[in-house]
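In our numbering, the protein residues as written are 1422 to 1849.
Data first, discussion second: the structure below is written as structure tokens.
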């Protein structure tokens, strides 16, 4: 019994909301139909039984009058009933009640030969009984039960269909809300659920849709304000940084001048990164896609990045290997950021592996933090102290540029140590 219940629970958990509501309505209507059918059956059976008992008693009175006057049973006056003196088939309880001086009846509607008996004592130790067949009444009850079952089945079917239609609309609205929420989480901030149901109606789904749309609008406003602020700050910093860079170039040679120039260069790089992040957030970047041989392209990008890395799976100048559809300039931006990130935050030799239409940049350092692997890169957050210091914009830009060219960046910590970032490109 328990395994069957466990299977039923598992089946219910795997069903969708539409089927759960349909099954619930069907089961509820079935219980109501069974209850009402049982009450109707009992009421009709009681009515038939009472009428049969009254008829049997009335016939018993007529038979007794004839018997006392004539000393015999006049079968012509009995009608449909059979009259007996000390009938051998008389039910035991009825015989005992009659011998005790009672006039009573006995009803049997469930047996193969339904009948009603009436008996009373006569002549001391004899029992006068009347038996009337109830075959017609039993057939009437059977037909009533058949009609009740048919009506109940029809009601349950209509309830299940109506529940399925109602739940289908509800499920459709909820799925649309879930799909819109997923689109919003993926960055499509202008996605909205819209009104659900008939105009002017209010229900829980409509309230949910309105709440999600309100949340999306508020989130869009805040993110757009943040993006505008980032872009404005970066843009406004460009002019003073240009002047500062020019002034730094005019300083006399020396250690202090080198420090000033290094910090100015870092500020200019940060400003350009902020502007790039703002453009990526605003989705104003458009890729210039073309077919490229991945191996030679990766070898060239690695050499120009300035990071000492070993390239595996592609020879510089080779025209063999996979052809991918990408934007070479943006792919260079992605791989350069990953290489710089591996050199700055990782450890040991850096390896670039080309396999099919995927490129993996791996270091031998402490690996990516668990939070970074779980939540993805976040700007101005490097994840952990052992990964070194930085702005956290490198991985953010790499992921954003990958989205523009239709690529996918996957982060992992392969054994025994180190961090790996894999860029999967669409085939040409």
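In this text, a Cβ means the ideal position worked out from N, Cα and C, and glycines have one as well.
Could you tell me the boundaries of the alpha helix (DSSP H) in which residue 1826 lies? That residue, residue 1826, is in no alpha helix (DSSP H); it is neither H nor E in DSSP.
I'd like the list of long-range same chain contacts for residue 1660, defined as Cβ closer than 8 Å, with 5 residues on each side in sequence excluded.
none
Can the beta-carbon of residue 1466 be found closer than 8 Å to that of residue 1530? yes
Thinking C-alpha only, which one of 1748, 1745, 1716, 1822 is nearest residue 1733? 1716
> Rounded C-beta distance between residue 1571 and residue 1446? I'm assuming under 8 Å.
Replying inline: In fact, because the Cβ distance is near 19 Å, the residues do not count as touching under 8 Å.
- [ ] Determine the extent of the beta strand (DSSP E) in which residue 1514 is found, giving its start and end residues.
- [x] Not the beta strand (DSSP E): residue 1514 falls in the alpha helix (DSSP H), residues 1513–1520.
Over the uninterrupted beta strand (DSSP E) stretch that includes residue 1506, give me the two end residues.
-> 1503–1506
Notebook entry, point to check: Which residues in the same chain have their Cβ closer than 7 Å to the Cβ of residue 1521, if we skip the five residues on either side of it in sequence?
Noted result: none
When we look at the beta-carbon of residue 1850 and count the other beta-carbons within 10 Å, is it buried (16 or more) or exposed?
Because residue 1850 is not part of the residues shown, which for the chain are 1422 to 1849, the question remains open.
Who are the Cβ neighbours of residue 1611 in its own chain at under 7 Å, not counting the five residues just before and after it? 1641
For residue 1784, does the three-state DSSP call read helix, strand or coil? coil
Discussion item. If contacts are defined as beta-carbon pairs under 8 Å, then residue 1821 and residue 1758 qualify, I think. What distance do you get, rounded to the angstrom?
Written reply: In fact, because the Cβ distance is near 10 Å, the residues do not count as touching under 8 Å.
Original post:
When burial is assigned at 16 or more other CB atoms within 10 Å of the CB, is residue 1760 buried or exposed?
Top reply: buried
Item to check | DSSP-derived helix/strand/coil call for residue 1533 | outcome: coil
Would you mind sorting residue 1831 into buried or exposed? The rule is 16 or more other CB atoms within 10 Å of its CB. exposed
Given a threshold of 16 other Cβ atoms within 10 Å of its Cβ, counted over all protein chains shown, does residue 1671 qualify as buried or as exposed? exposed
Collapsed DSSP secondary structure at residue 1718 in the structure displayed: helix
Just to confirm my understanding: we take residue 1504, look at its own chain, exclude 5 residues before and 5 after, and list those with CB closer than 6 Å. What are they?
1484, 1494, 1551
| said: For the beta strand (DSSP E) containing residue 1842, name the first residue and the last one. | reply: 1841–1845
Fill in: Three-state secondary structure assigned by DSSP to residue 1462
helix
Exercise. Please state whether DSSP places residue 1728 in a helix, a strand or coil.
Key: coil
Practice prompt. Count the other CB atoms, across all protein chains shown, that sit within 10 Å of the CB of residue 1798; report buried if there are 16 or more and exposed otherwise.
Written response: buried
**Asked** To which residues of the same chain is residue 1781 closer than 6 Å at the C-beta, ignoring the five residues directly before and after it?
**Response** 1774, 1841, 1843
Own chain partners of residue 1478 with C-beta closer than 7 Å, once the 5 adjacent residues on each side are dropped: 1526, 1539
Just to confirm, is the Cβ distance from residue 1633 to residue 1598 under 8 Å?
yes
Practice problem: Starting from residue 1744, follow its DSSP beta bridges and name the residues at the other end. | Solution: 1714
Tell whether a beta-carbon distance below 8 Å holds between residue 1541 and residue 1481. yes
I'd like the ranges of any alpha helix (DSSP H) spanning at least 4 consecutive residues and lying wholly in the region 1665–1709.
1676–1702
Neighbour-count burial assignment, residue 1650, 16 or more Cβ in a 10 Å radius
exposed
Looking at residue 1784: is its Cβ nearer than 8 Å to the Cβ of residue 1767?
yes
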